[in-house]
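Student: In the working numbering, the protein residues as written are 987 to 1142.
1. Tell me the DSSP bridge mates of residue 935?
2. Can you tell me whether residue 1103 is helix, strand or coil according to DSSP?
3. Is the stretch 995-1008 close to the stretch 1044-1053, with three or more CB pairs under 8 Å?
4. Look at residue 1070 and residue 1118 and say whether their C-beta atoms are less than 8 Å apart.
5. With C-beta atoms as the reference, is residue 1086 less than 8 Å away from residue 1066?
6. In the DSSP assignment, find the unbroken alpha helix (DSSP H) run with residue 1129 in it and report its ends.
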């Protein structure tokens, strides 16, 4: 847990730098903390939440927990979800069905199937893309993703 003074300093620094944070959520208390900082003006709405289920010390990677977290998010926010390890596919499929966004990659899941290591992030992304297509959806382009999250393109 980060100290409140640090979170406030960070929140204001992000606003001054025009950076939109991804607020990672591991349990319900973290959502309520984010809402507190939004009301206080430390976080600028609408926020983007990344619901991460299945980490040690956090909420288990069940669809019920995903539904609960989604239901307590502030109105108008964007959100994505990922399940760690064995929760990867169930959470990804549930998030898609619930209208959320998904996060995939070797950071969260090393396997394509039980006992079969993924060869690359690209392989995991391709599987997620196929899941979206099976649901009549398509992955956002970079420009579409920026629009969804309220970001502007920056060239460095």
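All C-beta atoms in this analysis are idealised placements derived from N, C-alpha and C, irrespective of residue type, glycine included.
Tutor: In short:
1. Residue numbering for the chain in the displayed model covers 987 to 1142; residue 935 lies beyond these limits and cannot be assessed.
2. Looking at residue 1103 - three-state DSSP - the assignment turns out to be strand.
3. Per the Cβ contact rule, the stretch 995-1008 is not in contact with the stretch 1044-1053 (fewer than 3 Cβ pairs under 8 Å).
4. Contact flag unset, no.
5. With respect to the 8 Å criterion, residue 1086 and residue 1066 are classified as neighbours on the basis of their beta carbons.
6. Per DSSP, the unbroken alpha helix (DSSP H) holding residue 1129 starts and ends at 1128-1135.
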